[in-house]
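Residue numbers (full-length UniProt numbering): 1 to 365. Worksheet for the structure shown next.
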């Protein structure tokens, strides 16, 4: 009887203990999951930055101080991250946190590394100085360059200090996280240009007057500055290439403007065409020594695959496009048609009409 009673008592104690354990365990699990899956105390989307090297406890304390996590939830959050071996997977950066995010969701966001991305657009045709100014003006780029001197910048990028940086950086819209350094941004733009240029160089057509890809870059920068009309770029490139092949000077205004630098006031005068500069293609034959701007992909492709034809001249028509001519006479007529006005136009149209081959100014269109 006694043994039977003891066995029943032990069995009841065991069942009670088991039930109590299940109840406590179930309650603890419910509490644990509730703490991790209840939305954070935030009424709108918010941002959070994790500095490099910040510990999990420091993040939890900061979130608690900001009122996003209460102290108990913060404790559970830290425990869960460590128990699930996720603490070491948290990545530094600036994160966007949607309203309604749970502590578990917050941990997933911090592990994803999907930080807020900012952008900077470098337009085609800007020069290196304008690029540097744009980089320095961006509030989310970390400025580490001590100087904006060309040589020091090239050294910081690991490039030869004597190399001119003009044209070496690809114009595009770049996305990046906060605190990306200016050097990292420039290195990315440089590598993108290198890849784009070398790919174009490998696909170039035959019989081009270039010794290397850098000369392609130089002419592409001129083409970029000459027109904003995409379909004209191959034709303008063709004009310049034929002039180079014939030993003719390029005689292109953008190179003179580049040579004038800050003294350029928006107008090119006759005296400007006589300035003694290797960039003055009215005075010196061949290509200028460096690019004059940052050319885009379309301009580079136009130079390595120019349009065929016999045109050697072009003049702006005033609508953004150009009139192309194969002879000096026709070009002169086109200049009269599109550049002169009033009495001067009437006078020179009479001269123009003496040449049957001149088509540019035979109509008033």
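Ideal placement from N, C-alpha and C gives every residue a C-beta, glycine not left out.
Those residues which DSSP pairs with residue i across a bridge
i	result
residue 142	181
residue 46	97
Coil, strand or helix - residue i by DSSP
i	result
residue 260	helix
residue 315	strand
residue 175	strand
residue 383	This structure gives no information on residue 383, because the portion of the chain shown stretches from 1 to 365.
residue 233	helix
residue 226	helix
residue 218	helix
residue 310	coil
residue 52	coil
residue 272	helix
Where the beta strand (DSSP E) through residue i begins and ends
i	result
residue 118	117–121
Boundaries (first-last residue) of the alpha helix (DSSP H) holding residue i
i	result
residue 324	Residue 324 -> not in any alpha helix (DSSP H); beta strand (DSSP E) instead, spanning 322–325.
residue 248	It is not in any alpha helix (DSSP H) - residue 248 carries neither H nor E in the DSSP assignment.
residue 84	Segment: none, residue 84 is in no alpha helix (DSSP H) and carries neither H nor E.
residue 133	128–137
residue 107	103–112
residue 332	328–339
residue 298	297–304
residue 267	From DSSP, residue 267 is part of no alpha helix (DSSP H); its letter is neither H nor E.
residue 366	Residue 366 is absent from the structure shown; the chain starts at 1 and stops at 365.
Close-in-space but distant-in-sequence residues of the same chain around residue i (CB under 6 Å, 5 per side omitted)
i	result
residue 113	91
residue 296	124 and 171
residue 127	293
residue 179	142
residue 313	325 and 331
Beta-carbon proximity list for residue i, same chain, < 8 Å, skipping 5 on both sides
i	result
residue 408	The chain is shown from 1 up to 365; residue 408 falls before or after that span and cannot be answered.
residue 304	200, 201, 203, 204, 205, 208 and 216
residue 182	135, 136, 141, 142, 143, 144 and 145
residue 213	197, 198, 200 and 201
Close Cβ partners of residue i (< 7 Å) along its chain, the five nearest in sequence each way excluded
i	result
residue 281	249, 250, 251, 252, 255 and 288
Residue i Cβ short of 7 Å to the ligand ATP heavy atom set
i	result
residue 194	Although the ligand ATP was asked about, the structure shown includes no ligands whatsoever.
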